[in-house]
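Residues in the sequence shown are numbered from 1 upward in steps of one, following the UniProt record's numbering. Have a look at the structure below, then the notes.
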Amino acid sequence: MTIRAGLESRFRDAAFLLREGGYWLASLGMLVAGIVLLPFLPLGVGLYAVPGLLGTLNLLAARAQGRAAGFTSAVIPFDRRHLAGKHSFGELAAMVSASETRRDVSWLLFHAASALLAAVLTLALPLGGVLYVLAAPFWPLFPPDAPLELTIPVRSWTDAGLMILLGLAYVAGAWMLVPWLARRLSGATLAILSPRRYADLARRISDLSAARASALAAHAAELRRIERELHDGAQNRLVGVVMMLGLAQRAAETDPAAAVPFIGRAQDAASEALAGLRAAVHDIYPPVLDELGLGGAASALTSRSPIPCSLNITGLQRAPAAVEAAAYFVLAEALTNAAKHSGADRIDVVLRTETAGREEILVVQVDDDGDGGARVGAAGDLPSRGGASRDAASGGDEPASDGSGTGLAGIARRAAAFGGQLILTSPPGGPTHLRVELPCAF
1 MTIRAGLESR
11 FRDAAFLLRE
21 GGYWLASLGM
31 LVAGIVLLPF
41 LPLGVGLYAV
51 PGLLGTLNLL
61 AARAQGRAAG
71 FTSAVIPFDR
81 RHLAGKHSFG
91 ELAAMVSASE
101 TRRDVSWLLF
111 HAASALLAAV
121 LTLALPLGGV
131 LYVLAAPFWP
141 LFPPDAPLEL
151 TIPVRSWTDA
161 GLMILLGLAY
171 VAGAWMLVPW
181 LARRLSGATL
191 AILSPRRYAD
201 LARRISDLSA
211 ARASALAAHA
221 AELRRIEREL
231 HDGAQNRLVG
241 VVMMLGLAQR
251 AAETDPAAAV
261 PFIGRAQDAA
271 SEALAGLRAA
281 VHDIYPPVLD
291 ELGLGGAASA
301 LTSRSPIPCS
311 LNITGLQRAP
321 AAVEAAAYFV
331 LAEALTNAAK
341 HSGADRIDVV
351 LRTETAGREE
361 ILVVQVDDDG
371 DGGARVGAAG
381 DLPSRGGASR
391 DAASGGDEPA
401 SDGSGTGLAG
411 IARRAAAFGG
421 QLILTSPPGG
431 PTHLRVELPC
441 AF
């Protein structure tokens, strides 16, 4: 490591420790508030303050975890809970005794005890060393009855030399101690706030169970939609074909020329039925994916967008057919949603394959410069743009191109069915950044 790289690394370590020292006041205040509230919990009165207190603690712990993860480039493999809304007393009691609360409290005690000490050492050692080295040579300027006071009174060049050596030792100690403290503080923060392995596995099982349930629900909805389309579309038209041919047959027995219009109408109905069948097949698995691949299919989608749209497929690799189909429908719905509700002048689409650990992820990213305010509603709560709630009857989000979901909520459900996720950033006023991650090895 070069001297410059070593200095940059030490400055980064010191900045992390000093930043944690700055957050020490928040940790101390939180600890004092918890101690004051603790005697009132058995009386029930203190439970009213629990949501706010736990919410603040959760926020502090989440920020600390994010800072530690950013410092160490670690990946946090789980989402923290969100404490919002009103809760019953039973729910509040469960929050207090939850494992995540215990981890947050453990981190709070650790941070309140160690962050300030680490920050003080980070400042005191190098500054003290520099002070000793710079001040010791000026001992002759001090009168004999009031000598320069460092660790010892400096009355001779021997004393000054000892103080200079001590100052250099302080600097060397800081050089070695600061990175050690930064690693220990960040590592301990991540270790305390991360769930134990069995808890992580339990969370993963729960996520997979939810994804399986979502996939089954989407599959059932898809079957119902196909049945409705075939019944209301192709089947009715085929019945019309049969009726027209029957009428043509009867007409041909008496007047062959009179049968021609019926045959023409039967042909039109058959063409419409064929088009309906093609549309149903397209919604199950678009043939364009087999013909052009995901990149070509995405190019066809973006070229039909009413809003000018750019497409970047650098780094895109082939994925399983089901994953590519999901990505296609996600992109189609995202473009439809943006065209209807964003008010954007431009859309940028990125398709690429990323590697996260040992797993490959197909990423669909759609950015627009529109009005923002998009949100993802819960099941049955449709997403909206511009902060105004919309439902299907009042012109809400466009139904998904395959009918399995509605707007952003449908995109989120489709991603969850593959074990993926929707990440949406859309502040009021824009811009909107939509990112969908689909694991290739689902």
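Beta carbons are placed, not taken as given, at the ideal position from N, Cα and C, and that holds for glycine.
Check: Would you kindly report the start and end of the unbroken beta strand (DSSP E) that includes Asp-368?; Outcome: 359-368
Check: Quick one: what's got a C-beta closer than 7 Å to Gly-240's C-beta in the same chain, skipping five residues either side?; Outcome: Ala-269
Check: Tell whether a beta-carbon distance below 8 Å holds between Trp-175 and Val-154.; Outcome: no
Check: Which one or two residues does DSSP pair with His-433 in a beta bridge?; Outcome: Asp-367, Thr-425
Check: Leaving out five residues on either side along the sequence, give the residues of the same chain with a beta carbon under 7 Å from the beta carbon of Leu-168.; Outcome: Gly-129, Val-133
Check: Taking 7 Å as the limit between beta carbons, can you name the residues of its chain near Leu-301, skipping five residues before and five after?; Outcome: Leu-331, Ala-332, Leu-335
Check: Pick helix, strand or coil for Leu-148, following the three-state DSSP scheme.; Outcome: strand
Check: Just to check my reading of the structure: Ala-273 and Arg-237 have Cβ atoms closer than 8 Å, yes? What is that Cβ distance to the nearest angstrom?; Outcome: 4 Å
Check: Taking Cβ positions, are Val-178 and Arg-67 nearer each other than 8 Å?; Outcome: no
Check: Which same chain residues, not among the five before or five after Leu-18, have their C-beta less than 8 Å away from its C-beta?; Outcome: Ala-119, Thr-122, Leu-123
Check: Grouping DSSP H, G and I as helix and E and B as strand, with all else coil, what is Ser-27?; Outcome: helix
Check: Start and end of the alpha helix (DSSP H) containing Leu-38?; Outcome: Careful: Leu-38 lies outside any alpha helix (DSSP H) and carries neither H nor E.
Check: Take Gln-65 and list the residues in its own chain whose beta-carbon comes closer than 6 Å to its own, dropping the five residues that flank it on each side.; Outcome: Leu-193
Check: Thinking C-alpha only, which one of Val-171, Pro-428, Arg-102 is nearest Leu-125?; Outcome: Val-171
Check: Please say whether Ala-210 and Ala-61 have beta carbons closer to each other than 8 Å?; Outcome: no
Check: Which class does Arg-352 belong to by DSSP, given the choice of helix, strand or coil?; Outcome: strand
Check: With 16 as the cutoff for other CB atoms within 10 Å, does Asp-232 come out buried or exposed?; Outcome: exposed
Check: When DSSP builds the beta bridges, which residues end up paired with Ile-347?; Outcome: Cys-309, Asp-368
Check: What is the rounded straight-line gap between the Cα of Thr-254 and the Cα of His-341?; Outcome: 58 Å
Check: On the three-pair Cβ rule with 8 Å, is the region 368-378 touching the region 341-357?; Outcome: yes
Check: With H, G and I counted as helix, E and B as strand and the rest as coil, what does DSSP make of Leu-438?; Outcome: strand
Check: For the region 246-332, list the alpha helix (DSSP H) runs that are entirely contained and at least 4 residues long, ordered along the chain.; Outcome: 256-284, 287-303
Check: I believe Phe-142 touches Leu-150 by the beta-carbon criterion, under 8 Å. Please report the beta-carbon distance rounded to the nearest angstrom.; Outcome: That belief does not hold up - the Cβ atoms of Phe-142 and Leu-150 are roughly 11 Å apart, past 8 Å.
Check: For Val-154, which residues does DSSP report across the bridge?; Outcome: Leu-148
Check: By DSSP, does Thr-2 sit in helix, in strand, or in coil?; Outcome: coil
Check: For Leu-108, I'd like the list of residues in its chain whose CB is within less than 7 Å of its CB, leaving aside the five on either flank, ordered along the chain.; Outcome: Ser-27, Met-30, Leu-31, Leu-57
Check: Quick check on the DSSP output: the alpha helix (DSSP H) that includes Leu-108 runs from which residue to which?; Outcome: 99-135
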